[in-house]
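When you line the sequence shown up against UniProt numbering, it's residues 1 to 377, in that order. Reading through the structure tokens given below for one structure.
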Amino acid sequence: MTPTHPTPEELPALISFLIRTTRWHSLHLKLVADPEIGRADTGLWLNSLFSAAGEALREEGSSPWETLQQLEIEARDVRLQEFIRLPFATIAPNLRELMISLRQIPNAYQLVDGFVNPKKLCRLEIDAHINWKDDILPTFYYQTLAQATNLECVKVLDHYCGSELFDFDFSATVSSFPVSNCTLTTLALHDNRATRDCLQNLSLPSLTSLTFISSTSGLDFDFSLSLSVVVGRLIDRSDCKIKHVRLENTPKLRSLCVQLIRLLTTVEILELHLPSSPSWHSPLLLKRMSAQALDDTDPILPNLTSFSVSLSSPITGEIKEAFTDFVEHPSRWPASEEGGAVNLPGAVQCARLENAHLFYCGSMSTSMEYARGRRSG
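Quick look at the structure:
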């Protein structure tokens with residue numbers, strides 16, 4: 001269901017239809033701001049919908065969306081009003097998948113006060129600038145992971161660029177560290193000081209996919225712990241085998257990126273999205289990776305089967321050469337199309353690199369691609 005902007009006359013009928021139809025299994029609400037009305041009206045539409053759902057619950061004594069298992073709210077133009085509640089725990093108590101995309105969530109308490117029933121939740125995705133305050137950030141992460149015993153995927157892109165750390169008081173829900181979740185396989189976060197601090201207190205033994213995205217605002221913070229240290233400790237504490245890693249604009253220093261990548265011995269898929277910032281100097285990063293790849297006794301990324309690098313600036317000859325040196329190392333490719341990986345005497349054998357892709361997403365898009373030993377581009 002993808003409703004457009006209703007007129008004032010249509011609004012009550014549309015809301016009534018959404019609320020009174022009690023057999024919803026999946027709802028997708030996509031809202032686009034009307035340029036003549038503005039963004040505020042779109043936010044009020046959501047408020048009217050959720051208020052009506054809460055009123056129906058009070059009147060009838062049962063949740064209006066009792067059967068709803070999947071809810072997606074796509075409203076990138078909307079700054080949620082502070083007074084709007086997100087009472088999914090009561091109006092849709094059996095939600096398994098909740099995906100929310102907004103411009104801003106100004107009141108972080110909207111994410112903890114009756115937000116969602118964690119017992120049923122399998123997938124939670126939030127993409128919005130969140131105004132974290134007090135201790136809500138660690139409370140949100142710790143309580144969600146501690147209570148959601150069926151949770152498999154968490155993606156929280158909060159666009160938070162603050163450098164402060166938040167206090168956390170133990171409770172009956174979270175009485176000690178580390179906070180453990182044995183079902184979570186996929187975690188995607190915006191990289192900031194507060195989320196790194198939270199990761200220091202988590203144990204995620206089933207984690208296989210990890211994504212870090214950094215702000216593109218150009219701000220560099222003096223983190224108390226490098227990302228490589230945080231991830232290394234998470235892997236050791238959890239005893240997990242991470243298979244897929246995506247790094248976008250993070251960490252800022254290329255040397256730290258190599259330190260982080262060296263830890264990823266079980267990773268099979270690596271995606272790097274590199275900005276055009278001078279602090280990155282993409283050719284040097286790839287050269288350092290190539291140098292590590294040539295270490296036959298301790299090669300970098302020994303289980304890598306898929307590697308992609310996307311650039312925010314055009315592909316230069318220096319970048320192409322560094323990329324080629326890494327992916328064409330003999331230990332990663334078969335001697336022939338039918339053969340296995342090359343067996344180098346005294347070398348630690350790497351997994352077969354099935355494909356590698358270097359591309360620039362600009363107005364003059366260019367790319368270089370390898371697939372099963374064949375090169376194009």
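Built from N, CA and C at the ideal position, the CB exists for glycine as well.
Asked, Found
"Beta-carbon proximity list for F168, same chain, < 6 Å, skipping 5 on both sides", "D135, P138"
"Top-ranked residue by Cα proximity to H357, from S63, H159, V327", "V327"
"Three-state class that DSSP yields for C350 in the structure shown", "coil"
"Distance between A188 and L227 (C-alpha atoms, nearest Å)", "14 Å"
"Residue range of the alpha helix (DSSP H) that includes K320", "317 to 327"
"Whole runs of the alpha helix (DSSP H) within the segment 81 to 129, excluding any shorter than 4 residues", "88 to 91"
"Nearest-angstrom Cβ-Cβ length linking Q200 and T173, presumed shorter than 8 Å", "With a Cβ gap of about 19 Å, Q200 and T173 do not count as contacting."
"Inter-residue Cα distance where the pair is R85 and I319", "49 Å"
"Residues bridged to V179 [DSSP beta-bridge criterion]", "L202"
"Alpha carbon of T2 to alpha carbon of I73, nearest angstrom", "In this prediction, T2 scores a pLDDT of 48, lower than 50, which makes its location untrustworthy; the coordinate-derived value is nonetheless stated afterwards. One C-alpha to the other measures close to 10 Å."
"Close beta carbons around A148, own chain, < 6 Å, minus the five adjacent residues each side", "P118, L121"
"H28 to S175 span [Cα, whole Å]", "37 Å"
"Inter-residue Cα distance where the pair is E10 and G54", "20 Å"
"Buried versus exposed, by CB contacts within 10 Å (16 or more), K133", "exposed"
"Contact set for I269: own chain, Cβ-Cβ below 6 Å, skip 5 residues either direction", "H244, S306"
"D197, DSSP secondary structure in three states", "helix"
"Within 9 Å, strictly: CB atoms of V112 and A146", "no"
"L68 beta carbon less than 9 Å from that of L95", "yes"
"Nearest-angstrom Cα separation, counted from C361 out to S206", "33 Å"
"9 Å Cβ cutoff met for G61 and P87", "no"
"C198 classed as buried or exposed, judged by whether at least 16 other C-beta atoms fall within 10 angstroms", "buried"
"Backbone secondary structure at H25 - three-state DSSP", "coil"
"DSSP state of L44 mapped onto helix, strand, coil", "helix"
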